[in-house]
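Participant: Structure below; questions to follow.
In my numbering, the protein residues as written are 277 to 541.
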């Protein structure tokens, strides 16, 4: 218990103090200068709105969360497969990798309306937008991880008679997992942005839609409430990926802690 308290104090307390300080300044500014809530609602007003509109926010949150999870899942599967293909064949890397990079030069806000024309309204366009945004960091990080294997280890396994498939499964893929999880964390964070963009372009439900609908009505406190919920979703999903990372590659965290201790001495 004592170790958990120390860990919390070390890792989270400074950030919590800063957040509480900023909220206090925000609250004081609104009260002192009598800022109207349609212009800038105070944290207290936002909190009250979140309680009063809990049912409304929950309904839209569920749809946005489904879009995020499905789109992220598709990006993860396709990203791992494509990264593996790129890493195993230099010919395919030269043929495919430039298109992967080029896909990120097209603003997603331009692609989203086209998806509505081609696919129509519904869940599919939002899922595709999330997948397109989350896809890139997963592919790039995993490719880097697959290529970062020690060449001496590869030569050793070849000397022992290992096939290309065995080298990939027993050496390259496990070694790439820390890189994959780094890309997955980034992808999970930007998936929230992708879902909101998809809902902004065309939707009748979701937190992004709720924000768009609330702005013309000057329900700024509801817009901020939706932003708070989106931020909470992003943070919780990011932490969830971190937890899965600790369960899947505990050896990586152990090694990183050892290096941190050695550097601190």
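Every residue, glycine too, gets a C-beta built ideally from N, C-alpha and C.
1) Whole-angstrom Cβ separation of residue 461 and residue 406, contact assumed at under 8 Å?
2) Compute the Euclidean distance between the alpha carbons of residue 326 and residue 501, then round it to the nearest angstrom.
3) Name the two residues that bound the continuous alpha helix (DSSP H) containing residue 320.
4) Counting pairs of Cβ atoms below 8 Å between the segment 408–424 and the segment 375–385, do you hit three or more?
5) Can you list, in chain order, the residues of its chain with a C-beta nearer than 8 Å to that of residue 431? Leave out the 5 residues immediately preceding and following it.
6) What's the gap between the Cα of residue 456 and the Cα of residue 477?
7) Do residue 384 and residue 409 have their CB atoms nearer than 8 Å?
8) Tell me whether the beta-carbon of residue 380 lies closer than 8 Å to the beta-carbon of residue 348.
9) Taking 8 Å as the threshold (C-beta atoms), are residue 484 and residue 401 in contact?
10) What are the start and end residues of the alpha helix (DSSP H) that includes residue 435?
11) Could you give the distance in angstroms between the alpha-carbon of residue 393 and the alpha-carbon of residue 479?
12) Kindly indicate which three-state DSSP category residue 381 falls into: helix, strand or coil?
13) Quick one: what's got a C-beta closer than 7 Å to residue 497's C-beta in the same chain, skipping five residues either side?
14) Measuring straight from C-alpha to C-alpha, what distance separates residue 371 and residue 365?
15) Would you kindly work out how many angstroms separate the C-alpha atoms of residue 493 and residue 332, rounded to a whole number?
16) Could you tell me whether any Cβ in chain D is nearer than 8 Å to the Cβ of residue 301?
17) DSSP three-state call for residue 310: helix, strand or coil?
18) May I have the straight-line CA-CA distance separating residue 486 from residue 339, to the nearest angstrom?
19) With distances taken from CA atoms, which of 509, 454, 489 is nearest residue 423?
20) What separation, rounded to the nearest whole angstrom, lies between the Cα atoms of residue 509 and residue 341?
21) Quick check on residue 531: buried or exposed, where buried means 16 or more other Cβ atoms within 10 Å of its Cβ?
22) Taking its Cβ as the centre, do 16 or more other Cβ atoms sit within 10 Å of residue 391, making it buried, or is it exposed?
23) Pick helix, strand or coil for residue 346, following the three-state DSSP scheme.
24) Going by the beta-carbon positions, is the gap between residue 468 and residue 337 smaller than 8 Å?
25) Cα separation between residue 513 and residue 522?
26) Please tell me whether, using a cut-off of 7 Å, the distance from the CB of residue 361 to the nearest non-hydrogen atom of the ligand FMN is below it.
Facilitator: With the given structure in hand:
1) 15 Å between Cβ atoms; not a contact.
2) Distance between the alpha carbons of residue 326 and residue 501: 6 Å.
3) Annotation for residue 320: the continuous alpha helix (DSSP H) segment containing it runs 319–328.
4) Contact between the segment 408–424 and the segment 375–385 is present, with at least three C-beta pairs closer than 8 Å.
5) Cβ within range, chain order: n/a, list empty.
6) Between residue 456 and residue 477, the C-alpha separation is close to 30 Å.
7) The Cβ atoms of residue 384 and residue 409 sit closer than 8 Å to each other.
8) No, the Cβ-Cβ distance between residue 380 and residue 348 is not below 8 Å.
9) Contact flag unset, no.
10) Run containing residue 435: 427–435, per the alpha helix (DSSP H) assignment.
11) If I take the Cα positions, the gap works out to 13 Å.
12) Reduced to three states, the DSSP call for residue 381 is coil.
13) The beta carbon of residue 497 lies closer than 7 Å to those of 313, 317, 321, 322, 325 in the same chain, with the five residues before and after it left out.
14) Spanning the two alpha carbons is a distance of roughly 10 Å.
15) Spanning the two alpha carbons is a distance of roughly 16 Å.
16) Here there is only one protein chain, and chain D is not present.
17) Assigned with DSSP and collapsed to three states, residue 310 falls in coil, not helix or strand.
18) Pairing residue 486 with residue 339, the inter-Cα distance amounts to about 11 Å.
19) Considering only alpha carbons, the answer is 454.
20) The straight-line gap from Cα to Cα measures roughly 8 Å.
21) Exposed.
22) Around the beta carbon of residue 391, a 10 Å sphere encloses 16 or more other beta carbons of the protein chains shown; the residue is thus reported as buried.
23) Of the three classes helix, strand and coil, the one that applies to residue 346 here is helix, per DSSP.
24) Cβ atoms of residue 468 and residue 337: not closer than 8 Å.
25) Straight-line Cα distance between these residues: approximately 14 Å.
26) Absence of the ligand FMN is noted for the structure shown, with no ligands found whatsoever.
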